[in-house]
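Asks: Chains as they are written, first to last, in my numbering: chain A, 68 to 432; chain H, 68 to 432.
#1: For residue 322/A and residue 132/A, what's the separation of their Cα atoms in angstroms?
#2: Of all the CB atoms in chain A, is at least one closer than 7 Å to the CB of residue 369/H?
#3: What residues from the segment 300-322 of chain H come within 7 Å of chain A, judged by C-beta to C-beta, listed N to C?
#4: Quick one: what does DSSP say residue 336/A is sitting in, helix, strand or coil?
#5: Can you grab the Cα-Cα spacing for the pair residue 228/H / residue 218/H, in whole Å?
#6: Is residue 325/A near residue 418/A, with beta carbons less than 7 Å apart?
#7: Helix or strand or just coil, what does DSSP make of residue 411/A?
#8: Can you list the residues of chain H that residue 274/A reaches, using a CB-CB cut of under 7 Å?
#9: If you draw a straight line from the alpha carbon of residue 341/H to that of residue 104/H, how long is it in whole angstroms?
#10: Using only alpha-carbon positions, find the residue among 200/A, 178/A, 197/A that is nearest to residue 191/A.
#11: Go through its chain and collect everything with a Cβ distance to residue 185/H's Cβ below 6 Å, but skip five positions before and after it.
#12: Quick one: which residues of the segment 79-90 of chain A get their C-beta closer than 9 Å to a C-beta of chain H? List them in chain order.
#13: At what residues does the alpha helix (DSSP H) containing residue 309/H begin and finish?
#14: Between 126/A, 124/A, 167/A, which has its C-alpha nearest residue 143/A's C-alpha?
#15: Name the chain H residues whose beta carbon is nearer than 8 Å to that of residue 69/A?
#16: Taking all protein chains shown into account, do 16 or more other C-beta atoms lie within 10 angstroms of the C-beta of residue 252/A, making it buried, or fewer, making it exposed?
#17: Between residue 139/H and chain C, is the shortest Cβ-Cβ distance under 7 Å, so that the two count as touching?
#18: Would you verify that the beta carbon of residue 281/A is, or is not, closer than 7 Å to some beta carbon of chain H?
#19: Can you give the Cα-Cα distance for residue 161/H and residue 175/H, rounded to whole angstroms?
#20: Name, please, each residue of chain A whose Cβ falls closer than 9 Å to the Cβ of residue 278/H.
#21: For residue 431/H, which residues in the same chain have their Cβ closer than 6 Å to its Cβ, ignoring the five residues on either side in sequence?
#22: Which residues in the same chain have their Cβ closer than 8 Å to the Cβ of residue 164/A, if we skip the five residues on either side of it in sequence?
#23: Between residue 87/H and residue 337/H, what straight-line distance do the alpha-carbon atoms span, to the nearest angstrom?
#24: Just the C-alpha distance for residue 263/A and residue 348/H, rounded to the nearest angstrom, thanks.
#25: Grouping DSSP H, G and I as helix and E and B as strand, with all else coil, what is residue 204/H?
#26: Consult DSSP for residue 226/H and reduce its assignment to one of helix, strand or coil.
#27: Identify which residue in 426/A, 366/A, 121/A has its Cα closest to the Cα of residue 344/A.
#28: Could you check if residue 229/H belongs to the surroundings of the ligand FMN, using beta carbon to heavy atom distance under 6 Å?
#29: Under 8 Å by Cβ, that's how I've got residue 109/H and residue 208/H pegged, so tell me the actual separation to the nearest angstrom.
#30: Would you call the CB atoms of residue 372/H and residue 415/H closer than 7 Å?
#31: Just list the alpha helix (DSSP H) runs in the segment 129-157 of chain A, keeping only unbroken ones of 4 residues or longer that don't cross its boundaries, in chain order.
#32: Quick one: which chain H residues come within Cβ less than 8 Å of residue 196/A?
#33: Between which residues of its own chain and residue 153/H is the CB-CB distance below 8 Å, once the five residues before and five after are set aside?
#34: Judging by CA-CA distance, which residue of 147/H, 222/H, 403/H, 275/H is the nearest neighbour of residue 315/H?
#35: Per DSSP, what kind of secondary structure is residue 69/H in: helix, strand or coil?
#36: For chain H, is any of its Cβ atoms less than 7 Å away from the one on residue 212/A?
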């Protein structure tokens with residue numbers, strides 16, 4: 068039995084925020100606009116949202132305190148400001164950090180719990196309505212029921228999920244992603260691709276998730292040269308933002324797998340951006356999967372029209388040539404932390420501590 | 068700017084109704100189970116729904132009065148019974164007639180209006196929650212915000228739409244479609260294909276609708292031999308039911324085009340089943356479209372891997388070889404009625420009365 072659900076209304080196209088006054092008007096009377104210190108402004112998205120608010124007589128406050136990889140204290144602060152101001156909906160602008168903070172603020176505004184209790188699975192009251200405006204093409208958070216926070220108590224980044232934090236509306240305007248530099252563009256594209264790939268090969272894969280995942284992976288492959296050379300056209304940016312939304316829809320059905328679990332260890336312990344962490348580990352991960360899933364990966368390579376699945380490894384080696392210093396006792400700890408993540412059990416391979424350590428070692432200088 | 072929304076939760080797989088007790092339990096306490104006189108029983112779907120209701124201590128009443136191509140009096144009667152009984156949700160079981168009656172009952176139970184007022188676009192109160200169990204693989208109504216009723220006042224079948232009549236849940240169990248005979252199987256498959264095709268070529272086409280439409284059309288083409296020979300396996304039935312849901316999602320974004328408008332005239336005036344009406348007209352419709360959309364249809368044939376778009380015309384000529392008697396003054400009237408349908412303006416061709424009459428004449432004995 069398979070289930071598919073994705074209740075977010077997705078609005079795509081240039082200037083879609085400005086053109087959607089009717090939606091803003093019917094969502095609420097006073098918004099908390101949650102964003103980071105820079106990306107909302109640099110991308111132009113914050114200006115567009117403020118203009119839409121003003122045009123439609125909606126009260127708003129900007130809360131621009133979101134940290135990269137926000138921790139529980141940071142999201143609590145965001146939520147406290149919004150709650151005290153008595154807002155009735157939340158607009159998130161940015162990458163995954165900002166969107167997941169916005170989702171979390173929406174929950175904490177209506178539920179008198181501490182952030183760590185988000186992980187207990189008992190959110191009682193409906194969160195405030197959430198509107199999501201991504202400024203990167205990677206997170207997919209605009210169409211997922213998940214938020215990922217840095218949890219010191221768990222020693223890693225960890226996600227919680229609730230179908231009521233699917234954003235009500237997602238606004239996909241590729242002009243915002245034009246503010247990303249080469250690294251952020253490539254890192255976030257790798258994040259999006261890993262969502263699609265992991266959802267496709269996951270033990271929880273579904274017919275619908277594969278439909279979305281294949282489309283997203285094809286777009287990434289078609290965009291490879293533009294990413295490698297950072298020769299981004301409007302069309303490529305639009306394609307990648309669309310693909311990122313498709314990939315988010317994929318993981319809304321399937322969750323992620325060991326690659327994300329490993330990536331969290333690199334991000335939490337070494338500060339490597341989330342997408343890059345996945346990108347660095349991808350080639351070794353796919354090689355490891357291929358040992359137990361030859362037929363599935365061969366079929367996938369046919370559907371992607373790439374001849375052989377090793378082409379994907381090559382693509383990631385070219386996009387992420389960097390090698391980093393990790394001490395060997397750290398690698399053992401990362402492997403142990405990885406094994407604790409719940410996404411491990413959706414991985415179609417028996418990855419033990421030694422095999423996971425091997426994947427980490429593949430990126431060591 | 069493009070919008071995508073499809074809020075229905077889709078549950079697919081054998082025995083999915085029986086296995087979804089948790090969903091029934093949280094949807095309401097007393098259901099009206101709306102179905103026709105035969106298909107709910109023959110398919111086994113009614114038995115499964117009743118078992119799920121009993122297993123989960125949900126009160127229910129069966130209203131099995133739905134006519135084929137239900138008219139306004141018929142849906143009003145269904146709704147009156149449900150309203151008087153004080154039900155709090157509606158379960159529709161059947162093809163388009165039953166599902167659209169269920170949707171309409173859900174609206175009329177909470178809105179004190181006459182059925183003709185459904186077409187005024189001012190449904191005030193939220194309809195009751197709707198659960199949909201299709202027993203054919205064609206209508207797609209389980210994932211659309213539309214209901215199509217026979218409206219004597221308009222002299223045709225006509226659809227109304229409201230996003231609040233998207234079913235909350237759709238249960239897709241291919242074992243129910245095994246009760247269809249050859250004609251109903253082929254007719255409904257043609258309906259599903261026409262939804263995908265019309266959504267793909269529509270002036271309102273979107274990137275998301277094309278993704279779903281291509282997948283659905285590919286499945287239909289892969290199932291062609293099984294349909295032609297009526298050699299239906301479980302896999303083919305499962306594929307076609309999945310494709311029908313994809314096609315429904317397509318028209319939820321795009322609506323239909325002139326083919327459906329023409330089909331309604333045949334169904335209303337000559338009693339030809341909806342899917343067969345579309346199937347009969349399809350070959351001439353595509354030939355007519357090809358005069359103004361050579362490039363689009365050539366591209367489509369490449370994506371469908373069928374060499375040339377005329378292959379589709381051939382497929383429909385093989386599935387629908389029948390020719391019928393229509394008097395020539397009737398054809399003129401059908402063409403005039405067709406031109407009044409709102410879907411005409413989404414058709415990517417300047418079809419005037421004469422060209423539409425020509426399409427009708429193509430199926431005359």
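Glycine included, each C-beta is placed from N, C-alpha and C at the ideal position.
Replies: Here's the rundown:
#1: Taking the first residue of the first chain as position 1, residue 322/A is located at position 255. Taking the first residue of the first chain as position 1, residue 132/A is located at position 65. The alpha-carbon separation between residue 322/A and residue 132/A amounts to approximately 28 Å.
#2: Start at 1 with the first residue of the second chain, and residue 369/H comes out as number 302. No, residue 369/H does not count as interfacial toward chain A.
#3: For the segment 300-322 of chain H, which is checked against every Cβ of chain A, the residues closer than 7 Å are 309.
#4: To locate residue 336/A, count along the first chain from 1; it is residue 269. Reduced to three states, the DSSP call for residue 336/A is helix.
#5: The residue given as residue 228/H occupies position 161 in the second chain. The residue given as residue 218/H occupies position 151 in the second chain. Their backbone Cα atoms lie some 15 Å apart in a straight line.
#6: Within the first chain, the letter at position 258 stands for residue 325/A. Within the first chain, the letter at position 351 stands for residue 418/A. Yes. Within cutoff.
#7: What you label residue 411/A is simply residue 344 of the first chain in a count that begins at 1. Shown here, residue 411/A sits in a helix according to DSSP, grouped into three states.
#8: If you number the first chain from 1, residue 274/A lands on position 207. Per Cβ cutoff of 7 Å: 309.
#9: To locate residue 341/H, count along the second chain from 1; it is residue 274. To locate residue 104/H, count along the second chain from 1; it is residue 37. Between the C-alpha atoms of residue 341/H and residue 104/H there is a straight-line separation of about 18 Å.
#10: If you number the first chain from 1, residue 191/A lands on position 124. Of the residues 200/A, 178/A, 197/A, the one whose Cα lies closest to the Cα of residue 191/A is 178/A.
#11: For the purposes of this step, residue 185/H is taken as the residue at position 118 of the second chain. Within the same chain, residue 185/H has close Cβ partners 227.
#12: Cβ contacts with chain H: 79, 80, 81, 82, 83, 86, 87.
#13: Your numbering for residue 309/H matches position 242 in the second chain. Boundaries of the alpha helix (DSSP H) harbouring residue 309/H: 301-321, taken from the DSSP string.
#14: The sequence position of residue 143/A within the first chain is 76, counting from 1. Ranking 126/A, 124/A, 167/A by CA distance to the CA of residue 143/A puts 167/A first.
#15: To locate residue 69/A, count along the first chain from 1; it is residue 2. By Cβ distance, chain H contributes 78, 79, 80.
#16: Locating residue 252/A in the first chain gives position 185, where the first residue counts as 1. Classification of residue 252/A: buried, given that the 10 Å Cβ count is 16 or more.
#17: Protein chains A and H are contained in the structure displayed, whereas chain C is not.
#18: As a working mapping, residue 281/A is identified with position 214 in the first chain. No, because no Cβ of chain H sits closer than 7 Å to the Cβ of residue 281/A.
#19: Stepping through the second chain from its first residue, residue 161/H is reached at position 94. Stepping through the second chain from its first residue, residue 175/H is reached at position 108. Inter-residue distance for residue 161/H and residue 175/H is about 20 Å (C-alpha atoms, whole angstroms).
#20: In the second chain, counting from the first residue as 1, residue 278/H sits at position 211. Listed by position along chain A, the residues whose Cβ is nearer than 9 Å to that of residue 278/H are 278, 279, 282, 313.
#21: To locate residue 431/H, count along the second chain from 1; it is residue 364. Apart from the 5 residues on each side of it in sequence, residue 431/H sits with its Cβ closer than 6 Å to the Cβ of 393 in its chain, given in chain order.
#22: Residue 164/A sits at position 97 when you count from the first residue of the first chain. 103, 133, 134, 135, 136, 137, listed in sequence order.
#23: Locating residue 87/H in the second chain gives position 20, where the first residue counts as 1. Locating residue 337/H in the second chain gives position 270, where the first residue counts as 1. It is roughly 41 Å from the alpha-carbon of residue 87/H to the alpha-carbon of residue 337/H.
#24: The residue given as residue 263/A occupies position 196 in the first chain. The residue given as residue 348/H occupies position 281 in the second chain. Rounded to whole angstroms, the separation of the alpha carbons of residue 348/H and residue 263/A is 40 Å.
#25: As a working mapping, residue 204/H is identified with position 137 in the second chain. Residue state, collapsed to three classes: coil.
#26: Here residue 226/H refers to the residue found at position 159 when the second chain is read from its first residue. The answer is strand: DSSP assigns residue 226/H an E or B state.
#27: The residue you call residue 344/A lines up with position 277 of the first chain. Each of 426/A, 366/A, 121/A was checked against the Cα of residue 344/A, and the nearest Cα belongs to 426/A.
#28: In the structure shown, the ligand FMN is absent, as is every other ligand, since no ligand is present at all.
#29: Counted from its first residue, the second chain places residue 109/H at position 42. Counted from its first residue, the second chain places residue 208/H at position 141. Actually they are not in contact, since the Cβ atoms of residue 109/H and residue 208/H sit about 19 Å apart, beyond 8 Å.
#30: By 1-based counting over the second chain, the position of residue 372/H is 305. By 1-based counting over the second chain, the position of residue 415/H is 348. Contact: no.
#31: DSSP runs (the alpha helix (DSSP H)) wholly in the segment 129-157 of chain A: 139-152.
#32: Locating residue 196/A in the first chain gives position 129, where the first residue counts as 1. Below the 8 Å Cβ cutoff, chain H contributes no neighbours of residue 196/A, its closest Cβ being approximately 14 Å away.
#33: In the second chain, counting from the first residue as 1, residue 153/H sits at position 86. Here the set comprises 97.
#34: As a working mapping, residue 315/H is identified with position 248 in the second chain. When each option's Cα is compared against that of residue 315/H, the closest is 275/H.
#35: Numbered from 1 along the second chain, position 2 holds the residue referred to as residue 69/H. Residue 69/H: strand per DSSP, three-state reduction.
#36: Here residue 212/A corresponds to residue number 145 of the first chain, with the count starting at 1. No, residue 212/A does not count as interfacial toward chain H.
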